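Trainee: Just so you know, the sequences run in chain order P and D. Taking the working numbering, I'd label the letters of the first sequence as residues 48 to 75. Taking the working numbering, I'd label the letters of the second sequence as residues 182 to 335. Beta carbons are placed, not taken as given, at the ideal position from N, Cα and C, and that holds for glycine. All values reported here derive from a predicted model rather than from experimental measurement.
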Amino acid sequence: APAVQNIIHKNDRSIGICEKMFVLLIKV
Amino acid sequence: NTSNDFEKLLEMASENITEENEGELIEQIRVYYKYALNGDIEALEKTVEKISSLSEINRKAINTADKVSKKFAVAGSWFVVFWAAGMFFLGMYYKRVFLKDIIYPYEEINAVLNANLTGDKFRRCSGHEAIDEINGIYSKINMILDKKSAGLES
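1) Which same chain residues, not among the five before or five after D:L218, have their C-beta less than 8 Å away from its C-beta?
2) Count the other CB atoms within 10 Å of the CB of D:T299; is the residue buried (16 or more) or exposed (fewer)?
3) Any Cβ of chain P within less than 8 Å of the Cβ of D:E258?
4) Let's see if you can read the secondary structure: which residues bound the alpha helix (DSSP H) around D:I290?
5) Please state whether DSSP places D:K211 in a helix, a strand or coil.
6) Might you give, ordered along the chain, the residues of its own chain that have their beta carbon closer than 6 Å to the beta carbon of D:R305, omitting 5 neighbours on each side?
7) Tell me whether the segment 231 to 246 of chain D and the segment 277 to 284 of chain D touch, counting them as touching only if at least three CB pairs, one residue from each stretch, are closer than 8 Å.
8) Any C-beta of chain P within less than 9 Å: which residues of the segment 214 to 235 of chain D qualify?
9) May I ask you to verify whether the segment 258 to 271 of chain D touches the segment 289 to 298 of chain D, counting CB pairs closer than 8 Å and requiring at least 3?
10) What residues in the segment 186 to 218 of chain D have a beta carbon less than 9 Å from any beta carbon of chain P?
11) Mind checking which residues open and close the alpha helix (DSSP H) that includes D:G257?
12) What number of angstroms, rounded off, separates the C-alpha of D:A194 from the C-alpha of D:A265?
13) Among residues of its own chain, excluding the 5 on either side of D:D327, which ones have a beta-carbon nearer than 6 Å to its beta-carbon?
14) Does chain P have any CB closer than 8 Å to the CB of D:V261?
15) Name the chain P residues whose beta carbon is nearer than 7 Å to that of D:V249?
16) So the alpha helix (DSSP H) D:E188 belongs to, where does it begin and stop?
17) Would you mind telling me which residues of chain P sit closer than 7 Å to D:R240, beta carbon to beta carbon, in chain order?
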């Protein structure tokens, strides 16, 4: 279960990064 | 500034690769985003498409991990149920062994010796369910009591 939690945390972080990239693109 | 921020985000994404194709998509975003930030519509579309794909890959991975964790949770619950049932039956078994091989023989020997001391010459140890070692002790006690009774009679 900790390994699964780790995977979810990493993927969630990647999605957060994607959202920030979208925000930067929208600003432009 | 926007370009720097974007580059930093791409660096963070590069350090956080967990899925297949993520690295490839990040590299493609790295190629397109500079043109997109300069107003190239086609590059903007490509960048948005690649970021969406990257996001989607991670979302799918989360769903898969979630399903796996739920399966583990169900398996864990069943394990606890069977473990508890197993421990219950094991406890019952050892309780029976403890009573049959230790407590009952102790009570029987105590009762026989008390009976003999209070004048009952005929009371003997008995217990067909007892293990061989206990039956051996019963036999020896009975033989001693028999000898004692025979001695008293003669």
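Mentor: Taking the definition as stated:
1) T183, S184, F187
2) exposed
3) Rather than Glu, the amino acid found at residue 258 of chain D in this sequence is Ser. By this cut-off, D:S258 is not an interface position.
4) Taken as a continuous stretch (DSSP letters only), the alpha helix (DSSP H) holding D:I290 covers 285 to 298.
5) It should be noted that the sequence gives Arg, not Lys, for residue 211 of chain D. In this structure, D:R211 counts as helix in the three-state DSSP scheme.
6) Within the same chain, D:R305 has close Cβ partners N323.
7) no
8) Y214, A217, L218, N219, G220, L225, T228, V229, I232, S233, L235
9) no
10) D186, F187, L190, L191, M193, A194, N197, I198, T199, E200, E203, I210, Y214, A217, L218
11) Run containing D:G257: 222 to 279, per the alpha helix (DSSP H) assignment.
12) If I take the Cα positions, the gap works out to 45 Å.
13) none
14) So no, D:V261 is outside the interface.
15) V51
16) 183 to 195
17) Going along chain P in sequence order, the residues near D:R240 (Cβ under 7 Å) are I62.
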